[in-house]
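Here the structure comes first, spelled out in structure tokens, and everything after it is commentary.
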Amino acid sequence: MQVTSDFQGRCREALNDPQIRRNFRFAMDGLMSKRRASLGDEDEREGLRARCAAIRANALARLPDLLEQLERNCTENGIRVHWAETVQEANRIVLDIVRGHHARRLIKGKSMVSEEMGLNHFLEGQGIECLESDLGEYIVQLAGETPSHIIAPAIHKNRQEVAELFRRKFPDIPFQEDPEALARSARRILREKFEQAEIGLSGVNFAVAETGTLCLVENEGNGRMCTTVPPVHIAVTGIEKVVERLGDIPPLLDLLVRSATGQHISTYFNMISSPRREGERDGPREVHLLLLDNGRSRIHRDAQLIDTLRCIRCGACMNHCPVYGRIGGHAYGSTIPGPIGSVVEPQKEGLARFGELPTASTLCGACAEVCPVRIPR
Amino acid sequence: MKQDRHYPERPDKVYFFGTCLVDLLYPEAGIAAMELLRREGVGVIFPHGQTCCGQPAWNAGYREQARQVARAQLRCFARDYPIVVPSGSCAGMMHLHYPELFRDTPEQAQAEALAARVYELTEFLVHVLKIRLTDLGPPTRVALHTSCSARRGMGVAAEHEGLIGQLGNVELVEPQRKEECCGFGGTFALKHPDISTEMVSEKARLIAETGVRELVSGDCGCLMNIAGRLGHQGSGIRGRHIASFLWERTHASDE
């Protein structure tokens, strides 16, 4: 008899769930066609990809220097910089900041690094409320699940399932299936939470060494709320997210958004360069930047694997992966699913846990064909 | 992609690398490919010591074992003739990956020289021989599945389509999701049979939905996978290698 691994078991479960299959197929088809429409001009697309790959490769080649420069410039701007070697250290740093403010409530924008840290679980264990404010993340949190996609965390659910979840969780709100009405309900609930939270936490898409600027790409405005409304803002990110110059941002932002959702530009783009300054009427009093290693230095030392750190987390590789499209994100069992997760997660979390993930590839190359920073080449 | 490659003048002789799957499962495809080359006035040398390109070991991460297998091909195909390969997958291994496989080894230069001489069959027919085909067959509709390694590795999807497009009586129909992998992926099909089966079932269904009677592919791995599935599904669609298809439709039978 053949032994079935946990991963294979989860794959089989997903394959046998027609709803999951339909939801992913529908969503991935949509994302693929939007990217195709947005990046139809081959010369422009390939020019941008070459440029972005070079920007990221350059940043990684100079990583130690750029990180020190980032720390210097952030510090000069009034942003407090913290370094964490492990997720345990990172969680402890966040907890210390929260405790230092006697805070009980933290509101979060989307951050895959906080997922990597298991931050919600950790803080809840310490009696601190940790609320997701990105709509997809909020849905996933309500359902007691984890994200199934890095930019669309609740993509495994269709609107009927979301409506059903809201009915269960909020019996006072009249049942509704209309996505706009559902979003309005979530907005109303979250708005109140924004006013109460003492700490706002976000991820970082790009950290600019030259200016000490933290860039955040989002579509819902919750990222801006998280980073401006609460009196304290904590930004968490991996050490690989640094880029050298402010001039690197326009091509990266352009290609990130078009690769991810096919939009011309995201609805919001935040550039955070300091806490509230003397005389300013809004913004957080304190901004913290937490830089997490968690195995990235080890990946950085490997001549072959270093290229995987170029990733700007657009999700295009999963959208185009025929394996991901069939088994969905949860089957991988890792923080980051899909092709890039299959390469990065075994490096970070070990072969014993995730060594099987790289075999979930037909080597069809669809991921490499769309990667904005040309991983693996 | 192909505009990057510099193509030589039409040679007098070429090497033919038969590939494992052609040898074991579709020998008629290898014979047809050699017939196509010979009809263009090119002498075909088939070195009998040839074996496998080494791709299974390479893909599984066994580099030393892959080198051992590949070394035999370096010896077999040592002279300066173009090497024609009726597979995007094996051609890709030799053309794209041999230089990396042999990097920093004593055979590096030899491997690089060999890699530069490797051409996928349709690529060679179109760009080196500039072949013109005259269709002698009855009207038919066919579906083409271009392998991922032919499409994304060697970049020869247009060459496959162009050759079939030269056949006046053949209508090439496009199944939905034609760019998507068939789910074979070598060891993938063995390690993840559930996912692989889902992929090929959908591929076969979408091909069957076009109503074609024939499926053509330039790679025997995909062909074996998809045609096998079509058979399971009870479809009457016949799967053939593109070389067999082109040869059968363009040569005047003696009968």
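Just so you know, the protein sequences line up as chains A and B, in that order. So the first sequence is numbered by full-length UniProt numbering: it starts at 1 and just counts up by one. So the second sequence is numbered by full-length UniProt numbering: it starts at 1 and just counts up by one. Just so it is clear, CB atoms sit at the ideal spot from N, CA and C, and this is done for glycine as well. Since this is a predicted model, take the numbers as computed values, not measurements.
- Residues of chain B whose Cβ lies closer than 9 Å to the Cβ of ALA360(A) are, in chain order, PHE188, LYS191, HIS192 and ILE195.
- DSSP places SER87(B) in no alpha helix (DSSP H); its state is neither H nor E.
- Counting only residues of its own chain and dropping the five nearest sequence neighbours on each side, GLU209(B) has a CB closer than 8 Å to the CB of PRO175 and GLN176.
- With its beta carbon at least 8 Å from every one in chain B, CYS311(A) lies outside the interface.
- Check the Cα spacing between ILE340(A) and each of ALA352(A), HIS320(A) and ARG353(A): the tightest is with HIS320(A).
- The beta carbons of GLU202(B) and ILE237(B) sit no closer together than 8 Å.
- In the DSSP assignment, the residues bridged to TRP83(A) are LEU291(A).
- Contact between the segment 193 to 203 of chain A and the segment 108 to 120 of chain A is present, with at least three C-beta pairs closer than 8 Å.
- Contact check between the segment 259 to 278 of chain A and the segment 55 to 72 of chain A: fewer than three CB pairs, one atom from each, fall below 8 Å, which does not count as touching.
- When Cβ pairs closer than 8 Å are counted between the two stretches, the segment 91 to 104 of chain B is seen to touch the segment 49 to 58 of chain B, the count reaching three or more.
- For ASN59(B), the closest Cβ of chain A is nearer than 8 Å.
- Per DSSP, the continuous beta strand (DSSP E) segment holding GLY200(A) begins and ends at 199 to 202.
- With distances taken between CA atoms, LEU119(A) lies nearest to GLN88(A) out of SER148(A), PRO147(A), GLN88(A) and ARG99(A).
- For GLY30(B), the uninterrupted alpha helix (DSSP H) segment begins and ends at 27 to 39.
- In the three-state scheme derived from DSSP, where H, G and I count as helix and E and B as strand, VAL118(B) is classed as strand.
- Taking a Cβ-Cβ threshold of 8 Å, none of the residues of chain B is close to ILE306(A); the smallest such distance is about 16 Å.
- Around PHE184(B), the beta-carbon contacts reaching into chain A at under 9 Å are THR362.
- Between HIS145(B) and CYS222(B), the C-beta gap is smaller than 8 Å, which places the two residues in contact.
- For MET199(B) against GLY218(B), the beta-carbon gap comes to about 19 Å, at or over 8 Å, which does not count as contact.
- Check the Cα spacing between GLY155(B) and each of CYS181(B), PHE188(B) and GLU120(B): the tightest is with GLU120(B).
- For the 8 Å CB-CB criterion, LEU292(A) and VAL113(A) form a contact.
- When CB distances to chain A are screened at a threshold of 9 Å, the residues of the segment 148 to 171 of chain B falling below it are CYS148, SER149, ARG151, ARG152 and GLY153, in chain order.
- Interface flag for CYS11(A) against chain B is set, since a Cβ pair is found closer than 8 Å.
- Here the C-alpha atom of GLY168(B) lies approximately 14 Å from the C-alpha atom of GLU248(B).
- The Cβ neighbour count for ALA109(B), taken over all protein chains shown within 10 Å, is under 16; the residue is labelled exposed.
- Think of a sphere of 9 Å around the beta carbon of MET199(B): the chain A residues whose beta carbon falls inside it are PRO322, VAL323, ARG326 and THR362, in chain order.
- In the three-state reduction of the DSSP assignment, SER5(A) falls in the coil class.
- Taking each of PRO358(A), GLN263(A), LEU252(A) and LEU357(A) in turn and checking the Cα distance to ARG374(A), the smallest one comes out for LEU252(A).
- LEU15(A) belongs to the set of residues whose beta carbon lies under 8 Å from a beta carbon in chain B.
- If you draw a straight line from the Cα of GLU220(A) to the Cα of CYS314(A), it is about 16 Å long.
- The C-beta of ARG5(B) has fewer than 16 other C-beta atoms within 10 Å across all chains shown, which makes the residue exposed.
- Judged by DSSP secondary structure, GLU218(A) falls within the beta strand (DSSP E) whose first and last residues are 213 to 218.
- For THR210(B), there is no enclosing alpha helix (DSSP H), since its DSSP letter is neither H nor E.
- Between the C-alpha atoms of ILE299(A) and GLY153(B) there is a straight-line separation of about 26 Å.
- Under DSSP, the beta-bridge partners assigned to ARG105(A) are GLU129(A).
- A Cβ-Cβ separation of about 4 Å places ILE327(A) in contact with ALA14(A) under the 8 Å criterion.
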